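Listed in order, the protein sequences are those of chains A and B. Per the working numbering, the very first residue in the first sequence carries number 1; after that it's consecutive. Per the working numbering, the very first residue in the second sequence carries number 1001; after that it's consecutive. The structure appears below as structure tokens.
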Amino acid sequence: MPPQRTLQMYRTMQLIRSFEEAAGTAFHDGRIRGPVHQYVGQEAIAAGVCANLKPTDYIASYHRGHGHAIAKGADIGRMMKELLGREGGTCGGKGGSMHIADFSVGMLGANGVVADGVTIAVGAAQAVKLLRQDRIVVAFFGDGAVNRGPLLEAFNWAMIYGLPVLFVCEDNQYAATVRTADLTAGEGIVARARSFGIPSESVDGNDVVAVHDLAEKLIAKIRRGEGPALIHATAYRWYGHFAHDSGAYRDPEAHRRALAGDPLERCRSWLLEQGMKDEELDGFAIQELVEKALKEAEAAPMPAPREAFTEIQDLGAEAWPR
Amino acid sequence: MAEMTYAEAAKLALQQEMVRDTRVWALGEDLGSIGGIAGQYRGLQAQFGRERVLDTPISESTIMGAAVGAAICGTRPVVELRYADFGLCATDEIVNQAAKIRYMFNGQARVPVVIRQPIGIQKGCAAQHSQSTEAWWVHVPGLVVVAPATPADNHGLLKAAIRSDDPVIYLEHKELWPTRGEVDESRGPLRLGQAERLTDGNDVTIVTWSKMRHVCFASQKILNEKGMSAEVIDLRTLWPWDRDMVLQSVRRTGRLLVVHEAVRVGGFGAEIAAEVGEALWRELKGPVRRLGGPRSPVPYAEPLENLFRITPEQVSNTATKMVKES
């Protein structure tokens, strides 16, 4: 792996981390009104996988979707406006954090219903196949999704139709507030996916280089038309399920140990070992970018009331004014 | 013009749309081997191939979720859910995804998908294969709801549903599959949201849809024999419904009876009754009446099942009572 390529992924991770920290602060001081599911601790997964994607490839995400959007190239200015519910947000302020979507970069949406993005992803892959397009689809989901029926339906579906889709299970160990391991029978998601015949591998999701390399290998197979594959990436969710969950149900000692696996620190050490300098690693003005995004979002106007009644449906939509 | 069944008319519509637009495709259970549960897809897989007429596993959530994904990525899927009762297994994907994606992503994508899920009592099919769920879907913003009653309407409305950029819940009635009628094969799509007035009448307006259209039409003859006349209106599209045609008619007759096979409580008839009551209460000669199913699952045994079937006599008796009491 050329260090320059890793440096780009490190920049993506920094941008996600900084965006998410800013979003957390903005939630706690009341500037963001709705739930915010932070991606802090999982940055290497989105960065490592999406580094292998073309702008035309699709991704589908879940409720913890900011990181995926950023890694796929969404504009953080428009994203921050969306979180603050402002005009000019990716969804015009109508979606908020849980429905971040940017179709202009192939980001088909975060999703408020666990595992639903996965069935949408296999459908997107079906469209790609029907239209004879040269794209692949990545479906990100959390470990909490492994016990939803539609996820297993989608595994079967992708396999029987040989669809170009990469499943990425981001295992942050918690299904909302409960340890996933306590509620999951069998040997885990890799075994489940393999039982459908899907090539599946685990990877240390704190190691962006390892994630990248595994994704590169599997995506090459998918692009060759060999059907779906799955990555199980283990990581640790630094904060609670969402910003208003303190995560107090976690063992403090285990929590401290897990934080030591910081994917950004890990990447930084690797890059320094490769001979890069601190200035190179810190030269992206990430803080400034995020502060600018937040400042501009706060200055942006609220959506006009009539916007509540647009984009419902062509036929039979509620009218404004009533 | 050609005579054909309600099932054949639907097949013709889909066939014509698939020829016209290569982005149109169909997916669901049993589409290839038997051409759909009622033959409404017969021959299409042979004509268009296995990819465009896709046999799927019994995975309603993913049938629907995949259709949504394919719809937002440039294709126009026609989903077959077999029975409305099974459509309930895909409710999340219909309500939370198909109906909301355009709105919550502020128009970045539309979801041009047709969701076929046959409704109604079918001889001996009992509680889990006999439901009429139209009111559930009408309640969900984002959806268009269509319920054709004749072969000609099934042809023209299915074409319209396929060309719609909105997700359309398309409710065929299971006992109408073999019914026959004239269809103009060269005809384009009908306009969604437009009702059809079957009869002119002075004494009462009867609003209905789906299979009950035929029951209400038959009731008109009984009323005529008694010296009364009813204006029977088949809504055809339930959302958006043809409010103008209904109000115009009720303004003239002063009386409204709504007839549907679905459970009466919370049925779509209640919405029509309320809207008409709010708009025309000064002009009504009596209360709006509704005929619908009892709030009970549909039973199996014939004499029990028959209690859930609305007859022309019931409709004409109710209408007669309405005329006499006011």
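For glycine and all other residues, C-beta sits at the position ideal for the given N, C-alpha and C. Owing to the predicted nature of the structure, the values given are computational and were not obtained by experimental measurement.
Member of the options whose CA lies at the smallest distance from the CA of residue i
{"i": "V1215 of chain B", "options": "B:G1028, B:N1096, B:R1116 and B:R1309", "result": "B:R1309"}
{"i": "R268 of chain A", "options": "A:L214, A:I120 and A:V208", "result": "A:V208"}
{"i": "T1062 of chain B", "options": "A:Y10, A:G117 and A:P305", "result": "A:G117"}
{"i": "V1250 of chain B", "options": "B:N1224, B:V1265 and B:V1207", "result": "B:V1207"}
{"i": "V1140 of chain B", "options": "B:M1212, B:T1075 and B:E1093", "result": "B:E1093"}
{"i": "F155 of chain A", "options": "A:G144, A:A139 and A:E170", "result": "A:A139"}
{"i": "T1253 of chain B", "options": "B:W1136, B:N1317 and B:K1285", "result": "B:K1285"}
{"i": "V1111 of chain B", "options": "B:L1238, B:A1038, B:Q1047 and B:G1069", "result": "B:G1069"}
{"i": "L151 of chain A", "options": "B:M1064, B:S1316 and B:L1158", "result": "B:M1064"}
{"i": "V1232 of chain B", "options": "B:K1221, B:K1321 and B:I1072", "result": "B:K1221"}
{"i": "D171 of chain A", "options": "A:Y236, A:N147 and A:S195", "result": "A:Y236"}
{"i": "G205 of chain A", "options": "A:I231, A:E288, A:P199 and A:V105", "result": "A:I231"}
Buried versus exposed, by CB contacts within 10 Å (16 or more), residue i
{"i": "R1295 of chain B", "result": "exposed"}
{"i": "H66 of chain A", "result": "buried"}
{"i": "Y249 of chain A", "result": "exposed"}
{"i": "E20 of chain A", "result": "buried"}
{"i": "K54 of chain A", "result": "exposed"}
{"i": "S1326 of chain B", "result": "exposed"}
{"i": "T180 of chain A", "result": "buried"}
{"i": "K1100 of chain B", "result": "buried"}
{"i": "T177 of chain A", "result": "exposed"}
{"i": "V1019 of chain B", "result": "exposed"}
{"i": "T1311 of chain B", "result": "exposed"}
{"i": "R1282 of chain B", "result": "exposed"}
{"i": "H255 of chain A", "result": "exposed"}
{"i": "R326 of chain A", "result": "Residue numbering for chain A in the displayed model covers 1 to 322; residue 326 of chain A lies beyond these limits and cannot be assessed."}
Alpha-carbon to alpha-carbon, residue j and residue i
{"i": "A124 of chain A", "j": "L131 of chain A", "result": "11 angstroms"}
{"i": "A110 of chain A", "j": "Y62 of chain A", "result": "4 angstroms"}
{"i": "R1255 of chain B", "j": "G1142 of chain B", "result": "31 angstroms"}
{"i": "G1292 of chain B", "j": "G1087 of chain B", "result": "22 angstroms"}
{"i": "P2 of chain A", "j": "G48 of chain A", "result": "14 angstroms"}
{"i": "A374 of chain A", "j": "E1305 of chain B", "result": "Outside the displayed span of chain A (1 to 322) sits residue 374 of chain A, for which this structure offers no information."}
{"i": "V1145 of chain B", "j": "K1226 of chain B", "result": "35 angstroms"}
{"i": "G197 of chain A", "j": "T56 of chain A", "result": "27 angstroms"}
{"i": "V1288 of chain B", "j": "A1273 of chain B", "result": "6 angstroms"}
{"i": "K94 of chain A", "j": "K81 of chain A", "result": "11 angstroms"}
{"i": "D75 of chain A", "j": "V1246 of chain B", "result": "49 angstroms"}
{"i": "Q1117 of chain B", "j": "A1090 of chain B", "result": "11 angstroms"}
{"i": "H1155 of chain B", "j": "A1010 of chain B", "result": "5 angstroms"}
{"i": "E318 of chain A", "j": "W1137 of chain B", "result": "15 angstroms"}
{"i": "G1124 of chain B", "j": "P1299 of chain B", "result": "8 angstroms"}
{"i": "A121 of chain A", "j": "A260 of chain A", "result": "33 angstroms"}
{"i": "E216 of chain A", "j": "L15 of chain A", "result": "22 angstroms"}
{"i": "T6 of chain A", "j": "L271 of chain A", "result": "8 angstroms"}
{"i": "R1197 of chain B", "j": "V1258 of chain B", "result": "14 angstroms"}
{"i": "A185 of chain A", "j": "E43 of chain A", "result": "28 angstroms"}
{"i": "A22 of chain A", "j": "H37 of chain A", "result": "12 angstroms"}
{"i": "M1212 of chain B", "j": "R1290 of chain B", "result": "13 angstroms"}
{"i": "A191 of chain A", "j": "V168 of chain A", "result": "14 angstroms"}
{"i": "A1230 of chain B", "j": "K1324 of chain B", "result": "14 angstroms"}
{"i": "K129 of chain A", "j": "G1074 of chain B", "result": "11 angstroms"}
{"i": "V1078 of chain B", "j": "G106 of chain A", "result": "24 angstroms"}
Cross-chain neighbours of residue i in chain A, by beta carbon under 9 angstroms
{"i": "M1245 of chain B", "result": "Chain A residues near M1245 of chain B: none, gap ~15 angstroms exceeds 9 angstroms."}
{"i": "R1102 of chain B", "result": "E311, I312 and Q313"}
{"i": "G1193 of chain B", "result": "L315 and G316"}
Proximal residues of chain B, C-beta to C-beta of residue i below 9 angstroms
{"i": "C169 of chain A", "result": "None at all; the shortest Cβ gap to chain B is about 17 angstroms."}
{"i": "N156 of chain A", "result": "P1057, S1059 and T1062"}
Closer than 7 angstroms at the beta carbon, the chain B residues around residue i
{"i": "H99 of chain A", "result": "M1104 and F1105"}
{"i": "I120 of chain A", "result": "G1065, V1068, G1069 and Q1097"}
{"i": "F140 of chain A", "result": "Within chain B, no residue comes near F140 of chain A; the closest Cβ sits about 14 angstroms away, beyond 7 angstroms."}
Within chain A, partners of residue i - CB distance below 8 angstroms
{"i": "Q1117 of chain B", "result": "Chain A residues near Q1117 of chain B: none, gap ~17 angstroms exceeds 8 angstroms."}
{"i": "S1132 of chain B", "result": "Chain A residues near S1132 of chain B: none, gap ~20 angstroms exceeds 8 angstroms."}
{"i": "S1164 of chain B", "result": "D314 and L315"}
Chain-ordered chain B contacts of residue i [CB-CB under 8 angstroms]
{"i": "V128 of chain A", "result": "C1073"}
Chain-ordered chain A contacts of residue i [CB-CB under 7 angstroms]
{"i": "W1239 of chain B", "result": "G316"}
Note to self: Under 8 angstroms: do the region 270-284 of chain A and the region 1096-1104 of chain B share three or more Cβ pairs, one atom per stretch?
What the structure shows: Put simply, the region 270-284 of chain A does not touch the region 1096-1104 of chain B. Fewer than three CB pairs are less than 8 angstroms apart.
Check: Would you call the region 227-243 of chain A and the region 150-169 of chain A in contact, with 3 or more CB pairs under 8 angstroms?
Finding: Cβ pair count under 8 angstroms is three or more, so yes.
Notebook entry, point to check: Touching or not, the region 84-97 of chain A and the region 30-49 of chain A, by the rule of three or more beta carbon pairs under 8 angstroms?
Noted result: Under the three-pair Cβ rule at 8 angstroms, the region 84-97 of chain A counts as touching the region 30-49 of chain A.
Next item on the list: Report yes or no: do the region 1184-1204 of chain B and the region 1029-1048 of chain B share at least 3 C-beta pairs separated by less than 8 angstroms?
Entry: No contact exists between the region 1184-1204 of chain B and the region 1029-1048 of chain B.
Margin query: Under 8 angstroms, with one C-beta from each stretch per pair, do the region 1043-1054 of chain B and the region 1082-1098 of chain B reach the 3-pair mark?
Written below: A contact is defined here as three or more CB-CB pairs under 8 angstroms, and the region 1043-1054 of chain B fails this definition with respect to the region 1082-1098 of chain B.
Check: Are the region 1259-1268 of chain B and the region 1119-1133 of chain B touching by the rule of at least three beta carbon pairs closer than 8 angstroms?
Finding: Three or more Cβ pairs closer than 8 angstroms define a contact, and the region 1259-1268 of chain B meets that threshold against the region 1119-1133 of chain B.
Notebook entry, point to check: Just checking, does the region 1012-1024 of chain B make contact with the region 307-314 of chain A on the three C-beta pairs under 8 angstroms criterion?
Noted result: Taking 8 angstroms as the limit for Cβ pairs, the verdict is that the region 307-314 of chain A does not touch the region 1012-1024 of chain B.
Next item on the list: Would you check if the region 1183-1199 of chain B and the region 1266-1281 of chain B touch, i.e. whether three or more CB-CB distances between them fall below 8 angstroms?
Entry: Output reads no: the region 1183-1199 of chain B does not touch the region 1266-1281 of chain B.
Next item on the list: Indicate whether the contact test is met: 3 or more Cβ pairs, each with one atom in the region 1106-1115 of chain B and one in the region 1167-1186 of chain B, closer than 8 angstroms.
Entry: In the pairwise beta carbon analysis, the region 1106-1115 of chain B is classified as touching the region 1167-1186 of chain B: at least three pairs are separated by under 8 angstroms.
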